[in-house]
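Here the structure comes first, spelled out in structure tokens, and everything after it is commentary.
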Amino acid sequence: MTESWISDRRPSLAGRLARLGFTGAARAERLLREAERAGGGPVGGDLLDALGGTADPDLALAGLLRLLAAADEQGAGAELREALAKEPGTRERLTAVLGVSASLGDHLARHPGHWRVLRDGPPAPAGTPRDDLLAAVGADPAAAEPVASGSGPGTLGALRVAYRRRLLALAGRDLIGVADVPEVAAELADLAAAALEAGLAVARAEVPGHGACRLAVIGMGKAGGRELNYVSDVDVIFVAEAGGDGADEPEDAALRTATRLASAMMRACSASTEEGALWEVDAALRPEGKAGPLVRTLASHRAYYERWAKTWEFQALLKARPIAGDADLGARYMDTITPIVWKAAEGESFVEDVQAMRRRVEADLGRRTADSERQLKLGPGGLRDVEFAVQLLQLVHGRADETLRSPTTLDALADLSRGGYVGRDDAAALASAYRFLRRVEHLVQLHRLRRTHLVPGDEDGLRRLGRALGLRTDPVGEFTALWRRHAREVRRIHEKLFYRPLLRAVARLPGQEARLTPEAARTRLEALGYGDPAGALRHIEALTSGVSRRAAIQRTLLPVMLGWFADAPDPDAGLLGFRQVSDALGTTPWYLRLLRDEVTVAERMAWMLGSSRYATDLLLRAPEAVAILGSDADLAPRPFEALRSEALAAVRRHAEDTASSAEEAVGVVRGLRRRELFRVAVGDLLGMTDVRTVGEALTGIATITVEAALRAAVHKIEMESRESLPTRMAVVAMGRFGGHELGYGSDADVMFVHEPLPGADERAAGRAAHAVAEELRRLLALPAPDPPLEIDPNLRPEGRQGPLVRTLASYAAYYARWSEPWEAQALLRADPLIGDAGLRDRFRALIDPVRWPEGGIDDDAVRQIRRLKARMEAERLPRGVDRRLHTKLGPGGLADVEWVAQLLQLRHAHEVPALRTTRTLDTLDAAVQARLLNAEDAGVLEEAWCLATRIRGAMMLVRGRASDLLPTDHHRERSAVSRVLGYPGTGDLLEDHRRHARRARAVVDRVFYGAE
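Residue numbering for the sequence shown follows the working numbering, starting at -15 and increasing by one per position.
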């Protein structure tokens, strides 16, 4: 060190330090002057420049001065100073370590002689990590079963000192770029394996009779894959057998000894000492996890993996590797387990498990925590994205291609690229990002030698990272931009990784890159849930082949959309529907541009097409409706009056056009209905509307459609008769229609009422009203692309035997003389919604005393209603049907809840005005307010009613056909209904329905039947 920067000839030391990168230049100057005055000698210019070139010059200087002081105390300071002056490589490695790792600086201050492992010359320390660490604990590396000289704190401390000495040497090579990320990760894994071997030697010294068993330690995770971090839990599995001194001992005795050995080995590595701990040894990946035994025999492992293991456990076994203990037993473990892994990948549940794993990872990425944006491992575009994608592709294709079975991520990624399973450019981008993220992870962990995957949140920490990566102009800004760019690229590729090569397999694109074979493409589609992979490939080819702009955009869209289809209950239906819509709209300039530019539209479209035959059919009949998928506001039901005005205006325009027909007018209205049904269905599928909102919206759409058809029918009859209609008309909504609780597959139950105009002939008025009603039914029954709206008038007095249309006076006479209790009950849901306003009010005034009788119904009527309900339960259910699965008529189903509400109305509505409603849930709420029904009972009934209604709606959406029965035979339908309703599995839906129905039925027995 020839010249001091602290001489009088260098008066601006603080300025020089600042220019070198010291953030605390004044403090650094003070430390340098204090060290020189203390007799440590000046810090020369070359060394100062080296300090200024480190990631954190202030940290490096403080660590160097502490090391020099400690070396001086041991009489080795002169040797260190000479090496720093004359050996550029030593100077570079030592300052690089001190500028990144405060913990390794602390280690050097405690063990100043360890700086020598950073000297120029042959790699130090000499010998293998295993030999070095076994010698540190006093064991003979050449012994078949090395035993440490003890198991006390001194031995454990010696293990840690030797381990960190090796770690220091590796960090020195790493931080100056001599060792790349894969090499560093592999050496860390080998060092961890050596530490486990030394820990096992310590355990043998602690456990008497250890020779009664053989114990092999199987590395898992990053340790098994030889891609370990500086500080990480080391995942292991233990396998043991009787042997050696215990060859004749019972197996359970050998297992007990092996368990004590395994536990002692884990403690030897994780115990805290004066030299700290190494890391946690985690055996949670073993069969049955933490609930299972710590140690198993090879036969027990084999039995578990053959019978009970899940797909994710086989995914974990991709990285299994013997790393310590009995080498022969470890080799036999691998020979036994490896074939099982790939045989299991052909099991029945493999496809479902792979889909579940993909969804779980996506869900994890969708959950945001306070630290998620700083996560290198689990955050969006993080290490887990790369690792998980590579492992899943290995599971899918490694069954048939043994070249894909490497346990190391980067090697496996290269193999996948060579085989055409991952695009060459994608593989290169992922590998680059993975190396970058792992390097940042190493730097973050080196600072304090702590297990962390978080990028620092403070300016100093970010600056240290940026400078360590060679970013000097704007370390913080440049690092952040580089990190975000890599994360975005990983996320972008991850979303398409499974699907983009499928396009190259079928689209006949130019290029020399290896491609998926048709067989491999079918395998991948099948693994991702496509039931007809050959058909899916035909659709992909049809959409993407050629050189047109349309095909080019599809090639951009499909890799992402194929993933979204795979996440839906029926991927094949989703892809088929997408092809059909694309064929219908492909030449429309806005369609593909909308999907390309509006991710929300494309994602919602994929879920809808893969979930709902009902919504898909609606969209195929009006493909332009896809435009409403982009906005939450556009998917909310439209206001009733706005929709009514639009429909009636359409009828009015056609009425004014003499060349137009009633059929054309109603056709326009039915098109409007089709659009609005699609809007409600998609909002329902996306979870944007609740049961009440859907019921009200569907009722409003039906009301407007019937009213428009009534106007068109009246106009047609008037044109044919060449005179105005001689009577007023109204349509009374009944059943679910009147209750504002229509479902997607509900008929429109109605009654027709008319009232002749003053002076009109009653017979002529009756004939005209009947003609209008028949014409209305005909217009709405005409073949059309929209779902049918059946007009059902069978709840009218005398049912099918009675006249289709009655006068108001006829209704009054009938209800006064002939009506039965059940008809009064039916009128509880009567709501005159359509037609002449005055007539509607008069009809309402007529029926109110019938349905809400003064004083309530008597006990005899109550008994009749109960008997009728019991008879319906016995007679109306179809034969052979499991009544517990019937959402309408089964115990605790819709009918049970509705009859409870209606009996309360019949008995108490005369004195409780709030009960005078046609809506079931409003009735229950009013009964609670009037203290006629316990709030808890009402809650049970409401939950059961809502769940049954949602199930019926979901079945119609999924199947495109109405059903009251929970699906049990058709697995795909059952799974789809469960998924649409948000249940993780079909069993969960069935159990939830049964639980709600059981509780509701108990309330019905008490409240309706009066049972104790």
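Even for Gly, the Cβ is constructed at its ideal location relative to N, Cα and C.
Please read all numbers here as calculations on a predicted model, not as lab measurements.
Would residue i pass as a contact of residue j if the rule is Cβ separation under 8 Å?
{"i": "residue 202", "j": "residue 317", "result": "yes"}
{"i": "residue 714", "j": "residue 650", "result": "no"}
{"i": "residue 235", "j": "residue 282", "result": "no"}
{"i": "residue 831", "j": "residue 805", "result": "no"}
{"i": "residue 835", "j": "residue 812", "result": "yes"}
{"i": "residue 459", "j": "residue 450", "result": "yes"}
{"i": "residue 481", "j": "residue 373", "result": "yes"}
{"i": "residue 254", "j": "residue 264", "result": "yes"}
{"i": "residue 548", "j": "residue 511", "result": "no"}
{"i": "residue 895", "j": "residue 873", "result": "no"}
{"i": "residue 214", "j": "residue 429", "result": "yes"}
{"i": "residue 69", "j": "residue 28", "result": "yes"}
{"i": "residue 921", "j": "residue 985", "result": "no"}
{"i": "residue 960", "j": "residue 554", "result": "yes"}
{"i": "residue 85", "j": "residue 435", "result": "no"}
{"i": "residue 744", "j": "residue 710", "result": "yes"}
{"i": "residue 541", "j": "residue 586", "result": "yes"}
{"i": "residue 313", "j": "residue 200", "result": "yes"}
{"i": "residue 187", "j": "residue 252", "result": "yes"}
My output table needs one value for residue i: the three-state DSSP class, helix, strand or coil.
{"i": "residue 740", "result": "strand"}
{"i": "residue 965", "result": "coil"}
{"i": "residue 352", "result": "Residue confidence for residue 352 is low, a pLDDT of 49 falling below 50, so the modelled location carries little weight and cannot support an answer."}
{"i": "residue 790", "result": "strand"}
{"i": "residue 305", "result": "strand"}
{"i": "residue 243", "result": "helix"}
{"i": "residue 677", "result": "helix"}
{"i": "residue 493", "result": "In this prediction, residue 493 has a pLDDT of 49, which is less than 50 and means its spatial position is unreliable; what the coordinates show is noted afterwards. Note: residue 493 maps to coil in three-state DSSP."}
{"i": "residue 37", "result": "coil"}
{"i": "residue 809", "result": "helix"}
{"i": "residue 431", "result": "helix"}
{"i": "residue 310", "result": "coil"}
{"i": "residue -9", "result": "With a pLDDT of 45 at residue -9, under the threshold of 50, the predicted position of this residue should be treated as unreliable, though the coordinate-derived value follows. Coil, per DSSP."}
{"i": "residue 370", "result": "helix"}
{"i": "residue 726", "result": "coil"}
{"i": "residue 819", "result": "strand"}
{"i": "residue 758", "result": "helix"}
{"i": "residue 385", "result": "coil"}
{"i": "residue 363", "result": "coil"}
{"i": "residue 438", "result": "strand"}
{"i": "residue 585", "result": "helix"}
{"i": "residue 285", "result": "helix"}
{"i": "residue 424", "result": "helix"}
Nearest to residue i by alpha carbon, out of the options?
{"i": "residue 81", "options": "447, 301, 4, 154", "result": "154"}
{"i": "residue 723", "options": "686, 62, 804, 512", "result": "686"}
{"i": "residue 599", "options": "623, 833, 548, 770", "result": "770"}
{"i": "residue 117", "options": "131, 301, 511", "result": "131"}
{"i": "residue 733", "options": "757, 798, 704, 774", "result": "774"}
{"i": "residue 660", "options": "639, 641, 627, 447", "result": "627"}
{"i": "residue 139", "options": "126, 122, 796, 149", "result": "122"}
{"i": "residue 517", "options": "559, 851, 820, 124", "result": "559"}
{"i": "residue 37", "options": "951, 568, 448", "result": "448"}
{"i": "residue 137", "options": "259, 606, 788", "result": "259"}
{"i": "residue 190", "options": "197, 240, 135, 238", "result": "135"}
Inset, instruction - Report yes or no: do three or more beta-carbon pairs, one from the region 404 to 416 and one from the region 474 to 489, lie closer than 8 Å? - result: yes
Inset, instruction - Could you tell me which uninterrupted beta strand (DSSP E) segments, each at least 3 residues in length, are contained entirely in the region 123 to 205, listed from first to last along the chain? - result: 197 to 203
Legend entry - Complete alpha helix (DSSP H) runs within the region 517 to 554 (minimum length 4 residues, chain order): Listed in chain order, they are 517 to 528, 533 to 551.
Legend entry - Validate contact between the region 906 to 916 and the region 870 to 890 using beta carbons, cut 8 Å, 3 pairs: yes
Inset, instruction - Indicate whether the contact test is met: 3 or more Cβ pairs, each with one atom in the region 393 to 401 and one in the region 461 to 473, closer than 8 Å. - result: At 8 Å Cβ cutoff, the stretches do not touch.
Inset, instruction - Taking only runs that begin and end inside the region 907 to 955, name each unbroken alpha helix (DSSP H) of 4 or more residues, in chain order. - result: 919 to 943
Legend entry - the region 87 to 94 touching the region 39 to 57, judged by at least three CB pairs closer than 8 Å: yes
Inset, instruction - Evaluate the contact criterion for the region 693 to 713 versus the region 750 to 759: three or more CB pairs, one atom per stretch, below 8 Å. - result: yes
Legend entry - Start-end ranges of the beta strand (DSSP E) lying completely within the region 207 to 237, minimum 3 residues: Whole beta strand (DSSP E) segments, 3+ residues: 218 to 226.
Inset, instruction - State whether the region 566 to 576 contacts the region 499 to 507, with contact taken as three or more CB pairs (one from each stretch) at a distance under 8 Å. - result: no
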